[in-house]
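Worksheet: one structure, shown below.
Numbering (our numbering), first residue to last: 1 to 589.
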């Protein structure tokens with residue numbers, strides 16, 4: 001599994017993941033460098049193998065070697081990631097023989113890759129061949145001592161009777177103080193070693209002062225849960241939305257180990273710095289919908305939110321992104337910020353005295369704003385009256401190696417409908433779009449731009465030798481949209497969405513409505529997982545840098561709208577999409 005996550009998160013990371021950046025491009029204007037357009041992109045060897053899926057796996061591997069011998073310059077034989085994912089496609093279907101065959105090919109082609117041996121170990125583990133699984137996992141660990149997943153699997157194979165800690169045990173476990181302090185030091189040094197831009201938004205001096213501050217809070221009674229919260233503050237301080245305590249290869253993420261009885265027992269929403277009850281849950285006899293909470297356990301709401309924001313990662317520490325995260329995970333964030341109390345007392349506006357809440361019976365969370373009437377899928381087209389259409393793009397998570405054809409087909413068909421309906425006003429809704437691949441972002445821009453453009457100005461990643469898709473010059477498609485365009489954005493827009501909207505902004509492709517985007521043209525992405533030695537706290541850190549060609553925009557703020565529009569608490573409760581409604585008024589003007 002280490003290889004799977006290291007690979008998927010390297011890809012789904014190039015801003016979220018591969019889309020977050022690429023190589024340095026000259027500041028010369030596009031027209032001046034148009035003659036240097038890159039035309040050397042190699043074909044995918046995996047795509048060729050998939051075209052021949054009717055062949056037995058041995059014949060497909062033979063085809064691979066034949067093409068490598070005769071057409072080395074035509075196909076991309078250096079993409080270990082793509083070939084490994086091809087192997088995982090069989091593993092996910094429980095086609096173990098074909099998975100083993102492809103992983104064997106990966107090992108022969110990339111003999112110095114620890115991930116290749118890890119993948120083979122996983123295949124044999126799934127096949128219940130512990131002896132062979134152990135052989136390959138030990139090889140993987142020998143090649144990469146930081147491969148903690150391989151380390152854990154080896155221990156499980158060798159000592160099957162040893163049971164891991166339960167989540168409740170982990171939550172309350174107390175490690176020795178010396179181990180905590182060593183892990184905090186390790187966290188700081190590892191972030192600086194792995195993250196390419198760890199000190200972009202914070203000075204080195206302040207970074208280490210933060211670590212010393214957290215070390216001063218460690219006592220002989222500090223629990224793992226409390227320690228994890230301290231780690232989050234250190235991680236959040238570097239201002240990277242792609243670096244956080246990891247949910248990958250980690251059964252003990254701080255949210256998942258929080259006991260239900262310790263979670264905050266109300267569904268709340270932060271709107272314009274005010275905290276409202278939006279669902280009393282099992283406290284309906286004590287509070288009501290729309291009650292404004294002024295304090296919790298004696299801590300004023302504004303101070304509490306400030307504490308939470310200091311422990312919440314976002315790109316460039318953009319506040320709108322932190323607010324959106326709070327509005328999703330308040331049920332866990334509030335307890336951690338309060339020091340994990342056993343009870344909660346709140347003070348609400350226009351109510352004398354404090355109110356002690358009953359313990360939660362269900363975990364309160366809200367991943368999506370129900371007042372936004374988006375389509376049920378990530379992609380949809382809605383035709384409105386008055387020659388207006390709404391194109392919802394709530395994900396760029398469509399990769400060339402996987403499902404990019406789905407996005408391309410959707411956009412192609414949508415543009416045909418838009419053209420046939422003679423649409424003059426196009427609303428593109430990218431709210432809740434947390435990023436993905438650069439391919440759909442670029443393809444969408446090709447339908448909006450009226451001149452050639454380059455997507456990336458800079459891509460830096462370890463071992464990068466070839467140009468990444470996005471560094472070349474792209475031309476508008478013949479049937480590009482020529483009417484008025486409006487873009488809806490919010491703090492949930494991360495990664496590739498920042499690249500997309502940065503180019504929308506600098507090329508004046510339309511009117512932008514909403515709140516500050518949770519990202520911008522600068523993105524550190526990719527994924528390196530590491531685990532602290534004593535507490536086993538798992539961190540996912542960005543490991544590459546991707547910057548769009550919108551280099552004149554400030555890196556310290558998200559893409560700003562032309563019209564700042566946010567939803568009031570009444571809009572939220574009445575499920576009124578204020579941002580969309582405001583945009584429709586602009587269209588009618």
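Ideal Cβ positions, reconstructed from N, Cα and C, are used throughout, including at glycine. None of the values given here were measured: they were computed from a predicted structure.
- Between residue 559 and residue 502, the CB-CB gap stays under 8 Å.
- The three-state reading of DSSP puts residue 313 in coil, since its state is none of H, G, I, E or B.
- For residue 546, the enclosing beta strand (DSSP E) stretches over residues 544-548.
- As the crow flies, the alpha-carbon of residue 152 is around 30 Å from that of residue 436.
- Between residue 335 and residue 258, the gap from beta carbon to beta carbon is short of 8 Å.
- In terms of Cα proximity to residue 315, the closest of 450, 252, 200 is 200.
- Excluding sequence positions up to five before and after residue 378, its CB lies within less than 6 Å of the CB of 394, 395, all in the same chain and listed in chain order.
- Shown here, residue 391 sits in a strand according to DSSP, grouped into three states.
- Excluding sequence positions up to five before and after residue 52, its CB lies within less than 7 Å of the CB of 60, 63, all in the same chain and listed in chain order.
- Between the beta-carbon of residue 313 and that of residue 235 there is about 6 Å, and that keeps the pair under the 8 Å contact cut.
- Here residue 98 is near residue 57, since their CB atoms are less than 8 Å apart.
- Residue 358 places its beta carbon less than 8 Å from that of residue 265.
- Residue 229 sits buried, since 16 or more C-beta atoms from the chains shown fall within 10 Å of its C-beta.
- Segment contact: the region 560-569 against the region 323-333, fewer than three CB-CB distances shorter than 8 Å; contact not assigned.
- Note on the region 101-164: whole alpha helix (DSSP H) runs with a minimum of 4 residues are 114-126, 130-143, 148-158, in chain order.
- DSSP, read as helix, strand or coil, puts residue 478 in coil.
- Under the 10 Å beta carbon count, residue 491 is surrounded by 16 or more other beta carbons and is classified as buried.
- Of the candidates 389, 372, 549, 372 places its Cα closest to the Cα of residue 573.
- Under the three-state reduction of DSSP output, residue 279 falls in the strand class.
- Bridge partners of residue 460 according to DSSP: 545.
- Assigned with DSSP and collapsed to three states, residue 531 falls in strand.
- Between residue 87 and residue 102, the CB-CB gap stays under 8 Å.
- For the region 329-414, there is no continuous alpha helix (DSSP H) assignment of 4+ residues that stays within its boundaries.
- The continuous stretches of alpha helix (DSSP H) do not include residue 465, and DSSP gives it neither H nor E.
- According to the DSSP secondary-structure assignment, residue 514 is paired through a beta bridge with 489, 564.
- The alpha-carbon separation between residue 584 and residue 422 amounts to approximately 18 Å.
- Between residue 411 and residue 444, the C-beta gap is smaller than 8 Å, which places the two residues in contact.
- Sorting 522, 269, 188 by C-alpha distance to the C-alpha of residue 548 places 522 at the top.
- For residue 425, the enclosing beta strand (DSSP E) starts and ends at 425-429.
- Shown here for residue 237: same chain residues with a beta carbon closer than 7 Å to its own, the five before and five after excluded, namely 202, 207, 210 in chain order.
- Across the set 232, 193, 180, the C-alpha of 180 shows the shortest separation from the C-alpha of residue 219.
- Taking a C-beta distance under 8 Å as the contact criterion, residue 340 and residue 262 qualify as a contact pair.
- Three or more beta-carbon pairs separated by less than 8 Å are not found between the region 241-254 and the region 342-352, which leaves the two stretches without contact.
- In this chain, the beta strand (DSSP E) harbouring residue 523 covers 522-525.
- Assignment of residue 269 by DSSP, reduced to helix, strand and coil, places it in the strand class.
- Annotated three-state conformation of residue 212 is helix, per DSSP.
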